[in-house]
Structures are given as C-alpha cells and as structure tokens.
Amino acid sequence: MVIDILSTHFDVKVLGKTRKLLGVEFEQYKGNVFMHQESYINEVADRYMQYKFPIASLPISKGSVYSKSQCPKSEEELKEISQLPYRNILGCLSFIASRTRPDISYAVNIFSQFQSNPGIFHWNGLLKLLGYVFNTKSLKLKLSCNKAQLVVYSDADFASNRDDRTSVGGQLVMLDNSPIEWRTFKQKCVTLSTMESEFVAMTEATRELIWFDRILIECFEHNVILGKPIQSTLFVDNMATIDFVKSPIENCRSKHIDVKLFFVRDLVFKNAFNLKYVNSKLNLADIFTKPLTKFELEKFVSCIFGNCVC
280 MVIDILSTHF DVKVLGKTRK LLGVEFEQYK GNVFMHQESY INEVADRYMQ
330 YKFPIASLPI SKGSVYSKSQ CPKSEEELKE ISQLPYRNIL GCLSFIASRT
380 RPDISYAVNI FSQFQSNPGI FHWNGLLKLL GYVFNTKSLK LKLSCNKAQL
430 VVYSDADFAS NRDDRTSVGG QLVMLDNSPI EWRTFKQKCV TLSTMESEFV
480 AMTEATRELI WFDRILIECF EHNVILGKPI QSTLFVDNMA TIDFVKSPIE
530 NCRSKHIDVK LFFVRDLVFK NAFNLKYVNS KLNLADIFTK PLTKFELEKF
580 VSCIFGNCVC
C-alpha cells in the first residue's frame, strides 16, 4: 500500500525486505519485526576494549550524583582526562540511545552535560554505561502494527540538577505499544514546585503528541492506514498538574509559565487528546528522568521493548 502511494509521486525501486539500515538491524520472527544494534555495539566495544569497561547491570546506579564539582580543577587532571576518548564513546552511545535503546537515554543525557570538561568520575560512569550496553546488546525493540493508536507518557524529576536546580523531563511516544520517539531533556527554566516541573515536561510531550497526530491524520486521509483515527492519550503521574491544566481559574503564581499553560489548556478544552492520570509505578516515562533500581529498570524495559503489556 505505502509503496503504491509513493510510486505515484516518485520513481521507486523495491530492494526487498530491510535487513540493515544506518547501523540498525531488522529481524522478522513469528510474524513480528524487531530492531536492534547488536553488531554496532560489538564494534564499539571492540574499539574501546583497551579501557577495560566493567560489565554492569544498570546504565547508571541509583543514588549516583554527577555535577560540575567533579570536573578537573588542576592542569594535571585536565591533561589526564584529555587523553581519554570521552566524547567519542559518548557520541557512539548517544547514537545507540536515539535509535534503539531508550533505556540509556537518561544516562547519556547526564554524561552529555559534562562533555566539554569531564572529570575522572564522569569517565568511570561512562565506562559503566558502555559496559551495561554491551551486557544487554541482545535487547530488541518489538515493532507492532495492530492499530494506529498514539499513547504518550510524560514525567519529570523536580530540581534534580545539583548545579543549577533545573528539573529533568522525560517523554515516551508509543504507537500501538511500540516506542517511536523518546527523550530525556534538561528543562530550560527553573521551576518552583513538582507540579510546575511536571507541567513543563507535559508541555513538551504535548507538542510531540500533536505533531505525530497530524502525521497519522494524513495517513488516514491518504488511506496509508485504513479505518478511523483513534483519539490519542497523554498520561501524567501528577494529579496537581492535570487539575492545574483543566482549571479555568487564573493563578498569579503561574505567570512565569503562562504561555505554556494557555497552549496546553487550549488543546485540552478542544478535546484534542485524552489527558489521563497514571500511577508513578506504571509511568513508562519514569525511566527517562532518574536512575532506577534493577527491579524497576527491568520492569520498564520489559514493557517498552515489547515483552509485556503494561
């Protein structure tokens, strides 16, 4: 169907089923399609094997704190770290995180904040992350195609940055239980409460939701996807944020996030999507905002990679 539509506008040459594309491998098994980067991860591991990265069970340990206070302060420290391929490894891991490994998105974001002046503590943490990726290289994202329903999860960790007290936001976009977009980001403004940090994260998630919604609508209009559109859902684990958005009452204490408020509130009042509460233990975006225990990580990885229904 898609090939037929494209061929009416472009010259199309069908080369068969995709096996590998830009470092990402595709596999078909029992009617399901999986994508992974096992070969690329092996290449990266071989390239940096000399640095003896440890085999880790977590991308970043729960309770670990990374800050600018751990950056080099002497010429000797600067000389030592300059001889290590911090940015090279970080670039490889960033590529992996953005393509097939949402479980390392948070850790990559944290270590990216120190790439201009990393310390030995950051370097050791990065090596552990590489060890985790190598240890879990067989993880494969399961792609589903049963129904075109968009579900978005949003979360935030309030004032978690030790250097400037900004919050960390996270979002996950799922199309029929398959992750199609994920992101960890440092919020650009300092918020004054958990509710505000959750709201800022929710605003970013709403922008992604609307963008993907428009793509799906076009697919339905051109019969790329058959059937009727299903209304999208945005899940947030903070009731105060949901009440704040749905309340028509003006609040002078929220003027610093005024524009974001009117943007989201307008969409909610127009019923552009369903805004629903989800328990924090079931919020899949939690993996993008903070270090987790091994049990928590495995639970979310199982759900996101398609091994269970959450």
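Numbers in the working numbering are just positions in the sequence shown, counted from 1, shifted up by 279.
For glycine and all other residues, C-beta sits at the position ideal for the given N, C-alpha and C.
Beta-bridge annotation (DSSP): Arg462 is paired with Gln450. Check the Cα spacing between Ser559 and each of Asp545, Asn321, Ala551, Thr568: the tightest is with Thr568.
Out of Val557, Trp402, Asn396, the CA that lies nearest to the CA of Asn517 is found in Val557. Taking a contact to require three or more Cβ pairs closer than 8 Å, the stretch 388-406 and the stretch 414-424 do not qualify as touching. For Ser318, the CB contacts under 7 Å within the same chain, skipping 5 residues up- and downstream, are Glu304 in chain order.
In the same chain as Ile496, and ignoring 5 residues on each side of it, the C-beta atoms closer than 7 Å to its own belong to Pro508, in chain order.
Annotated three-state conformation of Asn553 is strand, per DSSP.
Per DSSP, reduced to three states, the secondary structure at Leu495 is helical. Comparing C-alpha distances from Cys468 to each of Asn456, Leu405, Lys539 shows the shortest one belongs to Lys539. Restricting attention to Phe413, Lys299, Gln329, Leu406, the CA atom closest to the CA of Asn321 is found in Phe413.
In this structure, the alpha-carbon of Cys498 lies about 21 Å from that of Ala484. In this structure, the straight-line span from the alpha carbon of Asn425 to that of Ile504 is close to 11 Å. If you check the CB distance, Pro338 and Leu576 come in under 9 Å. Per DSSP, the continuous alpha helix (DSSP H) segment holding Tyr411 begins and ends at 399-414.
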